[in-house]
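Below: one structure, written as structure tokens.
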RNA sequence: UGCCCGAUAGUAUAAUGGUAGUACAACUGAUUUUGGUUCAGUUAGUCUAGGUUCGAACCCUGGUCGGGCAACCA
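Residue numbers (the working numbering): 301 to 856.
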């Protein structure tokens, strides 16, 4: 097993080639560079697992750098959530850094470009500048300010910093090539005026570098060896390389991979922010959100998310991953770790007519059948009247129905085999009680009855049942690719959340621990919601169990 | 109709000039006190046309299709 050759992704191949050739003396330093303007989502997890994973694999390190060059959208709240999510995922950064730490250096870089005659202050309006850039098929034209002298540019740039100009009055542009086939090289803006309070530098600055002027140089300042980002930055790379060359600074190299897309969800921070602001969800950590905090609240574990990110692979091809793979990963983890408990979500009463009234028994159930020894056990009270799942009974069952129906037998999990004798209905024909007889010799663990039954169902003793709220989640969108819609919000799944106010659970579930996953036997994996209280426990369904019977039914 | 990136089973991802493999999904069957788990098996793929080569998913050329590229966003 250990000598199994795992295939490398294209970035690993590049790194291994670099190590072999002695580039950077074999040093590997990556970075994860979020902008603190929103919460991290599963797509960021892919990048985090990649960047931190690469560093770990090649004995390197990873910096956390906040790309905070736009004070208007950035907040400390986001910084804190991002740090928290990365730690929760199980990663440690080498250094916590901020692009705003480099503002003075970046300013000096800009001055250097001006001195070299390859940057100029432009007084044109945004519209004029856009027009001056031409189109992909037509070259741009210079604005009237392109040929200002170095001295004039130096003075004006200093004045921009001093605060005497209004927002938008002037910008600093790199002087590259207005006819370049790469639009990003047509004299890109590198500094703009924003009289805005920055979450870290306060009012110290009123000019801020553009992302394109900050990102590559920040990598360079930190001596990042492999700067990994998503595909949309491919056309920016020549610009970063140009800055590095002009400034003669450490040559970080950028490599681009395809971002994660998941079906039945949206993955852009802008769209997620809309869902939050327009109250389609409870917040960034709503369990239906693809955010790390949402997945955490939903009951996803760090290991399941890491496994998912490793399984989806890294390449340059556009991709849409099936949500089913994420679900597979969490089931795989929880199956091995979640303690089993019984809960009835949609109850109907079952009476065992030959079980003495007033009699109670304490039955035993192992916590986890996947582990030798079961990780201990808990007691389950049993009595004459039970709640069972309404869907576990059918008056006129189809073939291969292994549950309860008139005349049929099933086993009550951890208890006895019962036989359905009679059905009681109200005046509307709704079933109110199911009467059964039980077989005393069939008790779990000491069954001498010799009877074999096909089905086993879960149950909760009526007099011992505890009432909890259960929240059932489904995919947030009802179409595979909401972004392809004219209005993605129109395809929100109206049934993405079903709240069951009164579900019955076995008493031991009152001792459920926050952050721990429980399998409600035959129903799915659940975890305590962050809003749960001891007086009113609330469970979120993380994911259902695989259900081949439901598939069978659907097929007809 | 300028430039850039890409194209391998339903979805992802390997094979780096020499037997197209893996995972998820789907389907069979076995086991099972969860219609869960586990196990065994089945189905299913190199966008296209040329070229180079003993041999091409891989190299070259043309085409097709998909995605991206112009924000005082990142």
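C-beta atoms are modelled at their ideal positions from N, C-alpha and C, and glycine is treated no differently.
For this session: With DSSP as the reference, label residue 558 as helix, strand or coil.
Result: coil
Exercise. Roughly how many angstroms lie between the CA atoms of residue 472 and residue 463, to the nearest whole one?
Worked result: 14 Å
Exercise. Residue 816: which of 836, 800, 841, 803 sits nearest, CA to CA?
Worked result: 841
For this session: Report the three-state DSSP secondary structure of residue 683 (helix, strand or coil).
Result: Note: residue 683 maps to coil in three-state DSSP.
For this session: For residue 576, count neighbouring Cβ atoms within 10 angstroms of its own Cβ and tell me buried if that reaches 16, exposed if not.
Result: That one is buried.
Exercise. In chain order, what residues of the same chain lie with their CB nearer than 7 Å to the CB of residue 314, ignoring the 5 residues before and after it?
Worked result: 555
Exercise. Which one of 423, 521, 624 has the shortest CA to CA distance from residue 780?
Worked result: 624
Exercise. Taking Cβ to Cβ, would you say residue 558 is nearer than 8 Å to residue 617?
Worked result: Result yes, Cβ atoms of residue 558 and residue 617 sit closer than 8 Å.
For this session: Report yes or no: do three or more beta-carbon pairs, one from the stretch 829 to 841 and one from the stretch 653 to 664, lie closer than 8 Å?
Result: no
For this session: Enumerate in chain order the residues of its own chain whose CB-to-CB distance from residue 709 is below 6 Å, with the five nearest sequence positions on each side excluded.
Result: For residue 709, where only same-chain residues beyond five positions count, the Cβ hits under 6 Å are 717, 719, 753.
Exercise. Taking just the CA atoms, how far does residue 382 sit from residue 426?
Worked result: 33 Å
Problem set entry | Whether residue 771 touches residue 820 by CB criterion (8 Å) | no
For this session: Go through its chain and collect everything with a Cβ distance to residue 587's Cβ below 6 Å, but skip five positions before and after it.
Result: Same-chain partners within the cutoff: 594, 597, 598, 773, 840.
Problem set entry | Same chain only: Cβ atoms within 6 Å of residue 676, ignoring 5 sequence neighbours per side | Excluding its 5 nearest sequence neighbours in each direction, residue 676 has C-beta neighbours in its own chain below 6 Å: 667, listed in chain order.
For this session: Using the DSSP secondary-structure output, state which residues sit across from residue 662 in a beta bridge.
Result: 681
Problem set entry | Sequence-distant residues of the same chain with beta carbon closer than 7 Å to residue 456, five excluded per side | 421, 470
Exercise. Mapping DSSP to helix, strand and coil, what is residue 697?
Worked result: coil
Exercise. What is the rounded straight-line gap between the Cα of residue 846 and the Cα of residue 619?
Worked result: 25 Å
Problem set entry | Simplified DSSP state of residue 346, which is helix, strand or coil | helix
Exercise. Should the stretch 490 to 501 be regarded as contacting the stretch 517 to 537, the criterion being three or more beta carbon pairs within less than 8 Å?
Worked result: no
For this session: Report all residues from its chain with a CB closer than 6 Å to the CB of residue 479; omit the five preceding and five following residues, and keep chain order.
Result: Contacts found: 439.
Exercise. Count the other CB atoms within 10 Å of the CB of residue 475; is the residue buried (16 or more) or exposed (fewer)?
Worked result: With 16 or more neighbouring CB atoms inside 10 Å of its own CB, residue 475 falls in the buried class.
Problem set entry | CA nearest to the CA of residue 647, picked from 766, 614, 604, 396 | 766
Exercise. Helix, strand or coil: how does DSSP classify residue 702 here?
Worked result: For residue 702, the secondary structure class from DSSP, reduced to helix, strand or coil, is coil.
Exercise. If you draw a straight line from the C-alpha of residue 632 to the C-alpha of residue 612, how long is it?
Worked result: Take the alpha-carbon of residue 632 and the one of residue 612: they are about 15 Å apart.
Exercise. Distance, Cα to Cα, residue 809 vs residue 641?
Worked result: 7 Å
For this session: Go ahead and label residue 806 buried or exposed: buried means 16 or more other beta carbons lie within 10 angstroms of its beta carbon, across all protein chains shown.
Result: buried
For this session: May I ask you to report which of helix, strand or coil DSSP gives residue 474?
Result: strand
Exercise. Is the beta carbon of residue 335 sitting closer than 8 Å to the one on residue 368?
Worked result: yes
For this session: Would you mind sorting residue 503 into buried or exposed? The rule is 16 or more other CB atoms within 10 Å of its CB.
Result: Exposed, by the Cβ-count rule.
Exercise. Would you report the Cα separation of residue 636 and residue 713, rounded to the nearest angstrom?
Worked result: 20 Å
For this session: Verify whether the separation of the beta carbon atoms of residue 528 and residue 385 is less than 8 Å.
Result: no
Exercise. What residue does the beta strand (DSSP E) around residue 829 start on, and which one ends it?
Worked result: Where residue 829 is concerned, there is no enclosing beta strand (DSSP E), given that its DSSP letter is neither H nor E.
Exercise. From which residue to which residue does the alpha helix (DSSP H) around residue 602 run?
Worked result: 602 to 611
Problem set entry | Where residue 764 falls: helix, strand or coil (DSSP) | coil
For this session: Using beta-carbon positions only, say whether residue 350 and residue 328 come within less than 8 Å of one another.
Result: no
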